[in-house]
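Following: one structure in structure tokens, then a few remarks.
There are 2 protein chains.
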Amino acid sequence: MSSNSEIDALIDLMAKLPGLGPRSARRAVLHLIRKRALLLTPLSDAMQQVAATARECLNCGNVGTTDICDICNSEDRATGELCVVEDVADLWAMERAGVFKGRYHVLGGTLSALDGVGPDDLRIPRLRDRVTAENITEVILALNATVDGQTTAHYIADQLEGQVRLTSLAQGVPIGGELDYLDDGTITAALRARKEL
Amino acid sequence: MSSNSEIDALIDLMAKLPGLGPRSARRAVLHLIRKRALLLTPLSDAMQQVAATARECLNCGNVGTTDICDICNSEDRATGELCVVEDVADLWAMERAGVFKGRYHVLGGTLSALDGVGPDDLRIPRLRDRVTAENITEVILALNATVDGQTTAHYIADQLEGQVRLTSLAQGVPIGGELDYLDDGTITAALRARKEL
Ligand SMILES: [Zn+2]
Ligand SMILES: [Zn+2]
């Protein structure tokens, strides 16, 4: 490819990133080599840092650098509200909107008969435990408006019925839409207009 | 963004890569964290390796890990033919086609009155030196079919007229097209059908 094995190895690894194909990986590597001091070395260092420190929060599944993440650790967030999301990218999207002040629970996916994903493959048992242990009064099901997302929301609602107030994001989430694609205002509107299940 | 400064720092750096915006950088970083052993650590190591070893060939401008690149060093490539390209990505595209057996000269851009890029800002003086020093008999101007690319080709042709055979890639390069976007067959056809200037 580049007639150089170290550079080819880097291109091959870059091409494995979501959103980068072989051609954009080659462009990115040439850009990195040109910006060695400004970008290549800092990026390598930052990756090493994250590789050494990143871990999943044992409580909620968020990604951070401590066993219990900053959000779970913050006393300011103990509102009794728990926002259930499919993955960490959705948690970040909620945080960017800046409107939710409670804590999160990251399922790590959705139920899927097709892919053989059952409740125990997700953080659903742990969610039940948290509702009791953390005196949760409201569970906001902020799952994607997809078939699997809504199936999962109904399953969780069935499990927790009668124990807590159950709500879901409502107005503003387009059919088939995914949280991480929405702008902050839409997320804010959807949270404010949340409805009882 | 992620409520964690190390992870945010990595996202910010990733977002500076060509082809990745903030959203795809976040997705890429989550993917890297999930694939720590398989992707994140190897990628960091490969970047460190390239940062420590990559350099521009002093002769042709290609990127490699030695002062003089493998192509310039190879006696098999001493055909008397020199292929002039705008940048290293174009050299790689020519090499993928596998049809050219001579050596390269990477200009490092094109002449541009608008951007104030003159002949001395590119490797044009060095091209003149190489034509003499390496007993070059043919210079193939494989520049992009853009206005700046063709202006640069004409400038170089003027400079070298009477000293060597001057050719350019011909059939197959679409108007406004860039080498790095073409398939190997098109590049091969264009090289085979090259015409006198
Ligand atoms: Zn947590
Ligand atoms: Zn070279």
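Protein chains in written order, with UniProt numbering: chain A, 1 to 197; chain B, 1 to 197. Ideal placement from N, C-alpha and C gives every residue a C-beta, glycine not left out.
Task: C-beta neighbour in chain B for V88(A), strict 7 Å - done: Taking the first residue of the first sequence as 1, we reach residue 88(A) at position 88. Contact of V88(A) with chain B is assigned, a C-beta pair being separated by under 7 Å.
TODO: Return the CA-CA distance between G61(A) and I11(B), expressed in angstroms with no decimal places.
DONE: As a working note, residue 61(A) is residue 61 in the first sequence. As a working note, residue 11(B) is residue 11 in the second sequence. Answer to the nearest angstrom: the Cα atoms are 19 Å apart.
Task: Cα-Cα separation between Q48(B) and L39(A), rounded to whole angstroms - done: If you number the second sequence from 1, residue 48(B) lands on position 48. If you number the first sequence from 1, residue 39(A) lands on position 39. The alpha-carbon atoms of Q48(B) and L39(A) are separated by roughly 11 Å.
TODO: Tell me whether N4(B) counts as near ligand 1, meaning its Cβ is closer than 6 Å to at least one heavy atom of that ligand.
DONE: Here residue 4(B) refers to the residue found at position 4 of the second sequence. No, the beta carbon of N4(B) sits no closer than 6 Å to any heavy atom of ligand 1.
Task: Top-ranked residue by Cα proximity to R103(B), from V117(B), L114(B) and T137(B) - done: Residue numbering aside, residue 103(B) sits at position 103 when the second sequence is read from its first letter. Taking only the C-alpha atoms, the option nearest R103(B) is T137(B).
Task: Quiz: which residues have CB nearer than 5 Å to ligand 2 non-hydrogen atoms - done: So the residues near ligand 2 by this Cβ test are C57(B), N59(B), C60(B), N62(B), C69(B) and C72(B).
- [ ] Look up Y104(B) in the DSSP assignment and give the residues it is bridged to.
- [x] Taking the second sequence and counting its residues from 1, one reaches residue 104(B) at position 104. Looking at the DSSP assignment, Y104(B) forms a beta bridge with C83(B).
TODO: Give the single residue among N59(A), A37(A), G19(A) and R55(A) whose Cα lies nearest to the Cα of Q126(A).
DONE: For the purposes of this step, residue 126(A) is taken as the residue at position 126 of the first sequence. The question names Gln, but residue 126(A) is Arg in the sequence shown. For R126(A), the nearest C-alpha among the options comes from N59(A).
- [ ] Pull up the distance between the alpha-carbon of I33(A) and that of S44(A), whole angstroms please.
- [x] Here the question's residue 33(A) lines up with position 33 in the first sequence. Here the question's residue 44(A) lines up with position 44 in the first sequence. I33(A) and S44(A) have their C-alpha atoms spaced approximately 12 Å apart.
TODO: Consult DSSP for I71(A) and reduce its assignment to one of helix, strand or coil.
DONE: Stepping through the first sequence from its first residue, residue 71(A) is reached at position 71. I71(A) carries a helical assignment under DSSP once its states are collapsed to helix, strand and coil.
TODO: Per DSSP, which residues does L141(A) bridge with? Please list them.
DONE: The residue you call residue 141(A) lines up with position 141 of the first sequence. Beta-bridge pairing links L141(A) to V84(A) and S168(A).
TODO: Flag E56(B) as yes when its Cβ comes closer than 6 Å to any non-hydrogen atom of ligand 4, and as no otherwise.
DONE: Of the ligands one can find in the structure shown, namely ligand 1 and ligand 2, none is ligand 4.
Task: Amino acids of chain B, ordered along the chain, whose beta-carbon sits closer than 9 Å to that of R36(A) - done: Sequence index remark: in the first sequence, residue 36(A) carries index 36 (1-based). Within 9 Å Cβ-Cβ: V50, A51 and A54.
Task: Chain-order list of residues whose beta-carbon lies under 7 Å from that of V164(A) (same chain, five-residue window excluded) - done: Translated into positions along the first sequence, residue 164(A) becomes position 164. Leaving aside the five residues that flank V164(A) on each side, the residues in its chain whose CB is nearer than 7 Å to its CB run, in chain order, V131, I136, T137, E138 and V139.
TODO: Go ahead and label H76(A) buried or exposed: buried means 16 or more other beta carbons lie within 10 angstroms of its beta carbon, across all protein chains shown.
DONE: Against the first sequence, residue 76(A) aligns to sequence position 76. The displayed chain sequence assigns Asp, not His, to residue 76(A). Label assigned to D76(A): exposed.
Task: Sub-7 Å separation of D90(B) and D180(B) beta-carbons - done: Locating residue 90(B) in the second sequence gives position 90, counting from the first residue. Locating residue 180(B) in the second sequence gives position 180, counting from the first residue. Closer than 7 Å, so yes.
Task: According to DSSP, residues forming a beta bridge with G64(A) - done: By one-based count along the first sequence, residue 64(A) stands at place 64. Under DSSP, G64(A) takes part in a beta bridge, and its partners are R55(A).
Task: From G116(A), F100(A), D129(A) and L160(A), residue whose alpha carbon lies closest to that of T188(A) - done: Within the first sequence, numbered from 1, the residue matching residue 188(A) stands at position 188. Nearest option by C-alpha distance: F100(A).
Open item on the list: Tell me the rounded alpha-carbon separation between P18(B) and Q159(A).
Closed with: On the second sequence, residue 18(B) is found 18 positions in, with the first residue counted as 1. On the first sequence, residue 159(A) is found 159 positions in, with the first residue counted as 1. When the Cα atoms are used, P18(B) and Q159(A) turn out to be separated by approximately 46 Å.
Open item on the list: Is it buried or exposed, E161(B), if we count other Cβ atoms within 10 angstroms and call 16 or more buried?
Closed with: As a first step, residue 161(B) is located in the second sequence; it is residue number 161 there, counting from the start. Counting every other CB atom within 10 Å of its CB across the protein chains shown gives E161(B) a total below 16, marking it as exposed.
- [ ] Flag P22(A) as yes if its beta-carbon sits less than 7 Å from any beta-carbon of chain B, otherwise no.
- [x] Within the first sequence, residue 22(A) is the residue found at index 22, counting from 1. Look at P22(A): its C-beta is not under 7 Å from any C-beta on chain B.
TODO: Check the Cβ-Cβ distances between K16(B) and every residue of chain A, and say whether any is below 7 Å.
DONE: Along the second sequence, read from residue 1 onward, the residue named residue 16(B) stands at position 16. In terms of beta-carbon proximity, K16(B) lines the interface with chain A, with at least one pair separated by less than 7 Å.
Open item on the list: At the level of alpha carbons, what is the spacing between K35(B) and Y155(A)?
Closed with: What you label residue 35(B) is simply residue 35 of the second sequence in a count that begins at 1. What you label residue 155(A) is simply residue 155 of the first sequence in a count that begins at 1. Using only the alpha carbons, I get a separation of about 29 Å.
Task: Counterpart residues of S24(B) in DSSP-defined beta bridges - done: Residue 24(B) sits at position 24 when you count from the first residue of the second sequence. DSSP output for S24(B) lists no bridge partner at all.
Open item on the list: Looking only at its chain, what residues have a beta carbon closer than 6 Å to the beta carbon of C69(A), apart from the 5 residues adjacent to it on each side?
Closed with: Translated into the one-based positions of the first sequence, residue 69(A) becomes position 69. If we look at C69(A) and ignore the five residues flanking it on each side, its Cβ neighbours are C57 and N62.
- [ ] Could you pull the start and end residues of the alpha helix (DSSP H) that T132(B) belongs to?
- [x] As a first step, residue 132(B) must be located in the second sequence, where it is residue number 132. Where T132(B) is concerned, the enclosing alpha helix (DSSP H) starts and stops at I124 to A133.
Open item on the list: Suppose contacts are defined by Cβ-Cβ distances below 7 Å. Is V133(A) in contact with L141(A) by that definition?
Closed with: Position 133 of the first sequence holds residue 133(A). Position 141 of the first sequence holds residue 141(A). Just to set this straight, residue 133(A) is Ala in the shown sequence, not Val. With respect to L141(A), A133(A) sits apart: the two C-beta atoms are not nearer than 7 Å.
Open item on the list: Against A46(B), what residues of chain A qualify as contacts under a CB-to-CB distance less than 8 Å, listed in chain order?
Closed with: Position 46 of the second sequence, counting from 1, holds the residue named residue 46(B). Within 8 Å Cβ-Cβ: E6, A9, L10 and L13.
Open item on the list: Rounded to the nearest angstrom, what separates P119(B) and T151(B) at their Cα positions?
Closed with: In the second sequence, residue 119(B) corresponds to position 119, counting from 1. In the second sequence, residue 151(B) corresponds to position 151, counting from 1. C-alpha separation (whole angstroms): 11 Å.
Task: Assigned secondary structure, V29(A) (DSSP; H/G/I helix, E/B strand, else coil) - done: For the purposes of this step, residue 29(A) is taken as the residue at position 29 of the first sequence. If DSSP states are grouped into helix, strand and coil, V29(A) belongs with the helices.
Open item on the list: Is there a Cβ of chain A sitting closer than 7 Å to that of R192(B), yes or no?
Closed with: Counting from one through the second sequence, the residue named residue 192(B) turns up at place 192. So no, R192(B) is outside the interface.
Task: Exposure label - L192(A); buried when at least 16 CB within 10 Å - done: Walking along the first sequence from the start, residue 192(A) turns up at place 192. According to the sequence shown, residue 192(A) is Arg rather than Leu. The residue is exposed, with fewer than 16 neighbouring Cβ atoms inside 10 Å.
Open item on the list: For a test of the three-state rule: what should DSSP assign to V50(A), helix, strand or coil?
Closed with: Numbered from 1 along the first sequence, position 50 holds the residue referred to as residue 50(A). In the three-state reduction of the DSSP assignment, V50(A) falls in the helix class, which pools H, G and I.
TODO: May I ask you to list the residues that DSSP assigns as paired with V117(A)?
DONE: As a first step, residue 117(A) is located in the first sequence; it is residue number 117 there, counting from the start. V117(A) is bridged by DSSP to S112(A).
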